[in-house]
Amino acid sequence: MVMDYLNWRGDLTFFQDGFGEVDALALCTATYVELDQIVPDNFTETVTFYEAAHKLEQHLEDSKYNKIGLIIPEDVIDLFLKMARCPRYKNLRLCGYINHIDEKAEKQFAAVTFQNDNGEIYIVYRGTDDTIVGWREDFNMAFLDVLPAQKEACVYYRKVLQSMKGRVRLMGHSKGGNLAVYSAVHGGKNGQKRLLKVYSMDGPGFHEDFLELEAYQNIAEKVLWYMPYESIIGTVLMHGCNEFIVKSSAKGIMQHNPLSWLIHQNQFIKEKHLSKEAVLAHLAITECLEQLTVEQRKQFVGIIFDALDATEAKKLADIRLKNMLGLIDSVKKLDPESKELFKETARLVLKTVKENR
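Using numbering that gives the first Met the number 0, you'd call the opening residue of the sequence shown number 0 and step up by one each time.
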């Protein structure tokens with residue numbers, strides 16, 4: 000796993016051994032740590048990884064920094080601190096930290112940029128965090144052609160290109176992987192020229208028309224899609240070529256945790272195919288989306304998250320039994336048309352799962 004990789008490879012600089020897929024996973028995971036007031040929000044000032052870790056340690060008594068949330072492994076703080084002590088990462092320069100949560104725009108976007116002494120730039124987009132608005136934006140993929148976070152990811156990429164010199168690697172875990180691919184495609188000719196690789200770590204895919212774009216085809220060989228054996232999140236929508244299936248120490252949905260992915264030396268331990276359950280989930284989601292109109296998808300997502308909003312919870316960690324009872328009560332109070340759509344969609348999901356077993 001990643002921690003073992005740090006023990007084995009952490010003493011080697013990138014000059015001694017170049018950047019690889021496990022390094023990408025380590026940076027994607029470490030970026031879940033709160034870096035406000037730790038990493039500059041511009042591209043002219045920088046702090047080293049080592050300096051950032053020292054500042055983080057000074058903030059760890061603050062719940063803003065030490066409470067990661069329900070879905071993000073608490074070990075990410077330990078990972079961040081351990082990476083900062085490794086010769087491989089400690090001199091990386093961090094800048095451009097941004098974390099935008101906009102409930103009105105239904106947007107959750109966070110990113111940070113690392114630069115190596117060899118001139119390479121690593122842009123890391125954070126995946127979905129613990130916020131309800133972040134999960135709502137993910138579900139909005141079902142009916143929106145472009146997410147607010149995808150737009151901001153492109154803006155961020157262009158700012159990096161304008162502010163910094165060097166070849167670029169884009170990466171992200173979960174939704175962050177989707178943002179990395181999207182910004183690579185829409186980053187302009189300069190962005191594609193300077194692009195080395197894109198790493199999507201169990202990130203949702205795209206509709207087929209996106210993958211057929213000339214701008215995507217131009218960089219398709221540089222885009223690497225990684226998914227754990229029993230992936231659920233990564234099987235949403237479609238990927239291009241270069242798919243890699245990774246073994247995990249966890250089970251089911253918990254394989255989304257990047258710290259559970261298995262590693263041998265400097266590479267992931269691979270499987271030949273996704274599990275039967277992962278394929279089933281992909282078929283169920285795909286068939287369900289095909290049988291609902293865009294408007295029905297929008298209404299269904301609205302029903303779920305309007306009900307969640309009624310609980311006044313801002314984060315998944317805020318949801319308690321009392322909140323859930325309020326959510327159920329909100330669904331019961333739906334108008335007849337919305338209630339029927341909710342029931343019909345639930346029946347459709349169950350039906351597609353049953354038919355594909």
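Even for Gly, the Cβ is constructed at its ideal location relative to N, Cα and C.
Nearest neighbour of Lys-174 by Cα position, chosen from Tyr-121, Trp-224, Gly-190, turns out to be Trp-224. For Phe-243, the number of other beta carbons within 10 angstroms of its own is below 16, and it is reported as exposed. DSSP places Ser-199 within a strand segment (E or B) once states are collapsed to three.
The region 175-248 is shown to contain whole alpha helix (DSSP H) runs of 4 or more residues at 187-193, 207-210, 213-216, in chain order. For Val-145, no alpha helix (DSSP H) encloses it, and the DSSP letter there is neither H nor E. Note that the C-beta distance between Gly-233 and Gly-187 is not below 8 Å.
A straight line joining the alpha-carbon of Asn-41 with that of Cys-94 spans about 6 Å. Cα atoms of Pro-39 and Glu-50: separation of roughly 12 Å, rounded to the nearest angstrom.
Counting C-beta pairs closer than 8 Å gives three or more between the region 108-117 and the region 10-25, which meets the contact rule. Take Met-0, set aside five residues on each side of it, and the residues of its chain with a beta-carbon closer than 8 Å to its own are Ser-248, Leu-258, Ser-259, Trp-260, Leu-261, Ile-262, in chain order. A straight-line Cα-Cα distance of about 20 Å links Leu-146 and Glu-289. An exposed status is given to Gln-216, since fewer than 16 other beta-carbon atoms sit within 10 Å of its beta-carbon. Contact between the region 157-175 and the region 206-216 is absent, with fewer than three C-beta pairs closer than 8 Å. Setting aside the 5 residues that flank it on each side, Val-235 is surrounded in the same chain by Met-140, Pro-203, Gly-204, His-281, Ile-284, each with a C-beta closer than 8 Å to its C-beta; the list follows chain order. Each residue's CA atom was taken as its position, placing Val-197 and Glu-294 some 32 Å apart.
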